[in-house]
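Student:
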Amino acid sequence: MSTAAAPPSPWSIASPLAGGALHAAGSGLFHTLLPLRLIAAGEGADAVGLVVMAEGAGFLLGCLGSVRLVRSVGEVRAYAAFAAASAVLILTLGFEPRVAVFMAIQAVTGFANAGQSVIIESWLNALVSNERRGRVLTLYVLVLGLFYGLGQLAARTIDPSGDAMLMIAAGLYAAALVPVTAVRVDEPLHHAPVGFRLLAAARTSPLGTFACLATGLISSTFSSIGPLYGLHLGFAQDRIVLLMAATQLGALFLQFPLGALSDRCDRRRMMIWLIGALALICAAFLAVDGATPFWLLIVMFSVFGGVAEIFYPLGVAHANDRAAPAAFVSLSSNLLLTWALGGTIGPAVAAFGVERFGAASFFWYALAVLVPFAALALTRRLEPPVVGSREEFVAYPQTSPAVYEWAPHKDLPAGQPTAARPTGEGTP
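Add 3 to a position in the sequence shown, counting from 1, and you land on the number used in the working numbering.
1. What is the rounded straight-line gap between the Cα of L25 and the Cα of T382?
2. When the Cβ atoms of the segment 25–36 are set against those of the segment 147–158, are three or more pairs found closer than 8 Å?
3. Can you list, in chain order, the residues of its chain with a C-beta nearer than 7 Å to that of V306? Leave out the 5 residues immediately preceding and following it.
4. DSSP on R74, reduced to helix/strand/coil?
5. Quick check on D295: does DSSP put it in helix, strand or coil?
6. Alpha helix (DSSP H) containing F105: first to last residue?
7. Could you spell out where the alpha helix (DSSP H) holding A363 opens and where it closes?
8. Does the Cβ-Cβ distance between L169 and A362 come in under 7 Å?
9. Taking the Cβ atom as the reference point for each residue, do G65 and A129 lie within a distance shorter than 7 Å?
10. Using 7 Å as the threshold, is the C-beta distance between A380 and I275 below it?
11. Give the secondary structure of T184 by DSSP, where H, G and I count as helix, E and B as strand, and everything else as coil.
12. Measure the Cβ-Cβ separation of A214 and V372 and say whether it is below 7 Å.
13. What number of angstroms, rounded off, separates the C-alpha of E312 from the C-alpha of A282?
14. Which residues in the same chain as S15 place their Cβ atom closer than 6 Å to its Cβ, once the five residues preceding and following it in sequence are excluded?
15. So, under 8 Å CB-CB, I108 and Y82 are touching, yes? Tell me the CB distance rounded to an integer number of Å.
16. Entirely within the segment 192–234 and at least 4 residues each: give me those alpha helix (DSSP H) ranges in chain order.
17. Among the residues of its own chain, which have a CB less than 7 Å from the CB of S226, if the five just before and after it don't count?
18. Could you tell me the distance, in whole angstroms, from the CA atom of R272 to the CA atom of L175?
19. Alpha carbon to alpha carbon, how far is S125 from A2? Give it in angstroms, no decimals.
20. Between which two residues does the alpha helix (DSSP H) containing I278 stretch?
21. Quick check on the burial criterion: 16 or more other C-beta atoms within 10 angstroms. Buried or exposed for T224?
22. Would you tell me roughly how many angstroms separate the C-alpha atoms of A167 and G97, rounded to the nearest one?
23. Buried or exposed for F297, going by 16 or more other Cβ atoms inside 10 Å?
24. Classify F460 as helix, strand or coil using the three-state DSSP reduction.
25. Three Cβ pairs or more, each shorter than 8 Å: is that satisfied between the segment 348–368 and the segment 49–58?
Written out as structure tokens, the structure is:
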């Protein structure tokens with residue numbers, strides 16, 4: 004992997020991190036208010052699901068195809084193109100409210116988001132030494148999560164049906180261009196081609212692959228259905244925004260203690276316990292009504308977000324326990340694409356139920372996903388464990404396949420692949 008010629012300064016990562024933070028803040032504001040904007044325009048849950056599905060499809064295609072554009076025009080030009088396209092397209096939503104136009108715009112925006120993440124993470128790869136990668140990856144996850152949550156909180160008093168929402172989000176997307184102009188990487192960056200090999204990932208680790216798919220189906224889908232659930236309970240916008248911010252912050256902070264615990268026990272067993280916990284939380288949501296204390300809902304949304312989101316990094320860690328070191332990047336990239344597939348299918352399917360049976364039906368949908376997940380986890384748990392080394396848990400962001408090219412790996416201290424060998428804690 005290429006690095007800058009001179010030893011990088013700790014401040015060298017500030018520019019790409021600042022660009023990522025501004026973009027995350029814009030995304031947090033926009034994605035929280037988008038479902039409310041569609042509902043205010045007279046659309047139903049089906050429309051919300053289709054628009055979010057289109058963005059997921061664009062993100063999936065961006066993970067697969069944006070690298071070609073980056074290679075052809077260079078990182079800075081490509082980043083400028085992606086950021087400008089996102090900003091301009093969001094502004095056009097103020098002129099054309101039709102769902103088909105929303106879908107097209109969100110598909111292109113999803114593609115651009117994936118491309119921007121590829122570039123930011125490639126820059127960080129070039130600017131960070133091997134010894135600091137673990138700390139920088141944690142910082143990167145915290146920065147993205149915190150600024151996404153701040154963007155959500157900023158949406159409390161913004162009218163979702165007005166133009167201010169679009170202008171602020173577009174402004175933040177455009178502002179992300181300013182710090183990245185200060186990025187200096189002396190050598191051209193290597194961008195590995197990405198292919199989607201779902202069956203290969205499933206053969207390596209069926210449970211790890213399904214865990215990533217389930218995260219997309221449940222956690223990613225809830226980001227669009229959650230505001231509709233808040234409307235179902237009769238809450239005003241400011242309270243809905245607080246609930247969604249609680250979901251995001253719960254997902255951000257719970258993954259670190261849960262991840263550390265997973266390093267000390269059989270991850271298959273931990274998944275079983277977490278599936279049971281998430282099922283209980285879903286059942287609790289089905290019993291919620293307008294009389295439920297708001298503080299309790301804040302707790303429930305936080306725990307739901309944390310438990311639902313933990314399955315992705317847990318699935319990646321479990322799958323890499325079974326993978327040869329040289330296959331780490333390819334397998335992890337395919338698990339990200341599997342998550343994106345779930346995040347593409349989930350919103351349309353869940354919204355279909357919400358439109359016909361009410362917002363609370365999302366939790367029946369989530370339980371329907373958890374049933375085969377639990378059956379698979381129990382099946383894999385029955386097999387005896389295999390003795391071998393294990394990959395440490397890492398709180399991977401669901402941003403782009405490029406993040407796995409610079410993530411720390413215990414078997415690759417110098418950034419070079421070693422001979423393949425079986426690893427793992429047990430049956431995949």
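We put the beta carbon where it would ideally sit given N, CA and C, even for glycine.
Tutor: If we stick to the structure as given:
1. Whole-angstrom Cα-Cα distance: 44 Å.
2. yes
3. G253 and I284
4. helix
5. At residue 295 the sequence reads Thr, which differs from the Asp that was named. T295 falls in the coil class under three-state DSSP.
6. V102 to L130
7. Under the DSSP assignment, A363 falls outside any alpha helix (DSSP H); it carries neither an H nor an E label.
8. No, the Cβ-Cβ distance between L169 and A362 is not below 7 Å.
9. no
10. It is a contact, given that the beta carbons lie within the stated cut-off.
11. Residue state for T184 is assigned as coil, using DSSP reduced to three classes.
12. no
13. 14 Å
14. Excluding sequence neighbours, S15 sits near L130.
15. About 19 Å; that fails the 8 Å criterion.
16. 201–207 and 209–218
17. Cβ within range, chain order: H34.
18. 42 Å
19. What the structure shows of the chain is the stretch from 4 to 431, and residue 2 is not part of that stretch, so it cannot be assessed.
20. R270 to L289
21. Result: buried.
22. 10 Å
23. F297 is exposed by the Cβ-count criterion.
24. This structure leaves residue 460 out entirely; the chain is present only between 4 and 431.
25. yes
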